[in-house]
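Trainee:
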Amino acid sequence: KQEVTQIPAALSVPEGENLVLNCSFTDSAIYNLQWFRQDPGKGLTSLLLIQSSQREQTSGRLNASLDKSSGRSTLYIAASQPGDSATYLCAPHGNNRLAFGKGNQVVVIP
Amino acid sequence: DAGITQSPRHKVTETGTPVTLRCHQTENHRYMYWYRQDPGHGLRLIHYSYGVKDTDKGEVSDGYSVSRSKTEDFLLTLESATSSQTSVYFCAISSGPNTGELFFGEGSRLTVL
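Those protein sequences? They're chains X and R, same order as listed.
Counting from 920, one number per residue, gives the positions in the first sequence under this note's numbering.
Counting from 2, one number per residue, gives the positions in the second sequence under this note's numbering.
Below, the structure written as structure tokens:
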């Protein structure tokens, strides 16, 4: 069974700082990995999808890296803004399903 | 945004009553999923479907059944609701089993008294 760990579980940063969110997973036999954002009381919004053949994927201020062999992914958010406050979830995809971590809860302080 | 609609969005029911949650998609995606989200547990897969009338169990399927008679609709049924099934339920869709991007609905909050 795929186990996903996200560290740190929660963090607060001042506006403008770069964010680094870590995700590790136990089964490296994955096809891709997806990062999501979840605001309180809302559904999950897809941020980035990294295929297993890729090393990284970028979208605006977001950059995600994937090291499949070591079972790690990192989400970088540059120049954080208060609107980035949310919970971020990583989900490696394999065996016909996604497995989820419990998320990184981020607060960006104005 | 992906066209996914969940209904009802909120429901309060009593222990022992049947409950059906509906997920409707307009994307014509083959794969549909039901997850539940609980504090301390994160998101857990209940059931998924890989085509009309084709479904399979996830990691927390006990007490739940599903049906998919049309590509666009995936129903989750709690035959006899229990308080442990109080949760937020999310439907998700994907174009492929392992490589397709997953898109989620807004969730259905169920409270079982």
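The C-beta atom is built at its ideal place from N, Cα and C for all residues, glycine as well.
Assuming X:Leu904 and X:Leu981 are in contact, meaning their beta carbons sit under 8 angstroms apart, how far apart are those beta carbons, in whole angstroms?
Mentor: The structure shown does not extend to residue 904 of chain X, since chain X is modelled only from 920 through 1029, so no value can be given for it.
Trainee: Could you check whether R:Glu107 and R:Gln7 sit closer than 8 angstroms to each other, using their CB atoms as the reference points?
Mentor: As a first step, residue 7 of chain R must be located in the second sequence, where it is residue number 6. As a first step, residue 107 of chain R must be located in the second sequence, where it is residue number 106. Yes. Within cutoff.
Trainee: To the nearest angstrom, report how far apart R:Leu79 and R:Gly64 are at their CA atoms.
Mentor: As a working note, residue 79 of chain R is residue 78 in the second sequence. As a working note, residue 64 of chain R is residue 63 in the second sequence. Straight-line Cα distance between these residues: approximately 6 angstroms.
Trainee: Please classify X:Lys961 as buried or exposed, where buried requires at least 16 neighbouring CB atoms within 10 angstroms.
Mentor: The count along the first sequence starts at 1 and reaches residue 961 of chain X at position 42. Exposed is the call here.
Trainee: With a 10 Å radius around its C-beta and 16 neighbouring C-beta atoms as the bar for buried, classify R:His42 as buried or exposed.
Mentor: Here residue 42 of chain R is taken as the residue at index 41 of the second sequence, counted from 1. Counting Cβ neighbours within 10 Å, R:His42 comes out exposed, since fewer than 16 surround it.
Trainee: Tell me X:Tyr995's beta-bridge partners as DSSP assigns them.
Mentor: For the purposes of this step, residue 995 of chain X is taken as residue 76 along the first sequence, with counting starting at 1. X:Val939, X:Asn982.
Trainee: What does the alpha-carbon distance come out to for the pair R:Glu102 and X:Trp954?
Mentor: On the second sequence, position 101 is the one that residue 102 of chain R refers to. On the first sequence, position 35 is the one that residue 954 of chain X refers to. One C-alpha to the other measures close to 10 angstroms.
Trainee: Select from the region 978-990 of chain X all residues with a C-beta closer than 8 angstroms to any C-beta belonging to chain R, and list them in chain order.
Mentor: In summary, no residue of the region 978-990 of chain X has a CB separated from any CB of chain R by less than 8 angstroms.
Trainee: Within the 8 angstroms Cβ cut-off, does R:Tyr49 reach chain X?
Mentor: Here residue 49 of chain R corresponds to residue number 48 of the second sequence, with the count starting at 1. At least one chain X Cβ lies under 8 angstroms of R:Tyr49.
Trainee: Mind checking if X:Tyr1007 is an interface residue toward chain R, Cβ cutoff 8 angstroms exclusive?
Mentor: Numbered from 1 along the first sequence, position 88 holds the residue referred to as residue 1007 of chain X. Chain R, which has no Cβ nearer than 8 angstroms to the Cβ of X:Tyr1007, makes this no.
Trainee: Mapping DSSP to helix, strand and coil, what is X:Gln1000?
Mentor: As a first step, residue 1000 of chain X must be located in the first sequence, where it is residue number 81. Coil, per DSSP.
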